[in-house]
Amino acid sequence: MRRSLLLLTVVLGLVGGALPAGATTHERVRPLAQAHAHNDYDHPRPLFDALDQGFTSVEADIYLVGTELLVAHDPEDLDPARTLSTLYLDPLRDRVVRNHGAVYLGHRDFQLLIDIKTEGESTYAALDTLLRAPRYAFLWTAFRHGRVRHGAVTAVVSGNRPRATMEAQPTRVAFYDGRIANPTDLGPGSDARLTPLVSDNWTTLFTWRGVGAMPAAERARLRAIVRTAHRAGQRVRFWETPDASGAARDAVWRELVAAHVDHLNTDDLAGLAEFLRQSVR
């Protein structure tokens, strides 16, 4: 911990007050604890568009190409200039330095969800090495010898993540995205020190898509999932929730907020930000 603080102090002195390209000078936007940017890299300004709306969780898909970790949804979209470092790690580092150890001033919780698209073991090995590099090491929430030490950013690995490899590491700077349907990932059989987040496809767990009232049995199941996760110290996220603007999406979002789901998944940054800000008025 002392080493991380010393490194952050040194970096603060080196970086000074310069703003990176794409950054905004207005960083006092109120952070939205439940806002998750799905496929964030598809926006015109990856990361920055989400930050401007107050999002506290962003998602990046990665491919290992040679020795580089490239960000894209599909292989045909790969661009050597769009690396995990250039789109996410460098801007997050600069922002954390400017904000004295946080992505948002006065708000410590920020999640970088990294979805591995290529072979799990080799891609995770490259990712682990990159995250531990001295340039970035001070950023992360870390697991060290049985304890979690919170940092400015929590990296969570989804997709082709190698559970056994991650579980065996005595020190880790990334965490495992579990599945709600897997009893070893959710609840009493799980370990939040490895799996602080559980996610799943909404359409495989629920039939309701926001039209009409949510069936009572499905509402009860949703709330039971969240209670089970929270008792184990875990956060909950669903993907494939309705995302087209309209009454159905708002109805689903209202149920998710009422159930205390931790991350609401969207491609519509402004739409979710407006919804969440109105819901707390």
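As numbered in mature numbering (1 follows the signal peptide of the UniProt record, and there is no 0), residues -23 to -1, 1 to 258 make up the sequence shown, in order.
Every residue gets a Cβ at the ideal spot worked out from N, C-alpha and C, and that includes glycine.
Please read all numbers here as calculations on a predicted model, not as lab measurements.
- Within the same chain, and ignoring the five residues on either side of Leu174 in sequence, the residues whose Cβ sits closer than 6 Å to its Cβ are Val133, Asp154, Arg212.
- Between His84 and the set His237, Gly97, Gly31, the nearest pair of CA atoms involves Gly31.
- Between Leu199 and Ala12 the beta-carbon gap is near 19 Å, outside 8 Å, which marks them as no contact.
- Contact between Ile93 and Asn137 holds, with the beta-carbon distance rounding to 4 Å and staying under 8 Å.
- Secondary structure in the stretch 110 to 169: the alpha helix (DSSP H) runs of 4 residues or longer, each lying completely within the stretch, are 140 to 145 in chain order.
- Per the coordinates, the alpha-carbon of Leu46 lies some 6 Å from the alpha-carbon of Tyr40.
- Unbroken beta strand (DSSP E) runs of no fewer than 3 residues, entirely contained in the stretch 40 to 77, are found at 45 to 48, following chain order.
- Under the DSSP assignment, Thr243 falls in the beta strand (DSSP E) whose first and last residues are 241 to 243.
- Annotated three-state conformation of Thr33 is strand, per DSSP.
- In the same chain as Val80, and ignoring 5 residues on each side of it, the C-beta atoms closer than 7 Å to its own belong to Leu69, Arg72, Val73, Phe87, Ala129, Val130, in chain order.
- Within the same chain, and ignoring the five residues on either side of Val203 in sequence, the residues whose Cβ sits closer than 7 Å to its Cβ are Val213, Ala236, His237, Val238.
- Comparing alpha-carbon positions, the option among Arg170, Ile157, Met191, Ala194 lying closest to Ser176 turns out to be Ile157.
- A straight line joining the alpha-carbon of Asp67 with that of Val188 spans about 42 Å.
- In the DSSP secondary-structure assignment, Gln88 is bridged to Ser34, Thr131.
- Residue burial is scored here from C-beta neighbours: Gly223 has fewer than 16 other C-beta atoms within 10 angstroms and is therefore classed as exposed.
- Look at Phe183 here: in three-state DSSP terms it is coil, with no helix or strand label.
- By the neighbour-count definition (other C-beta atoms within 10 Å, threshold 16), Val257 is an exposed residue.
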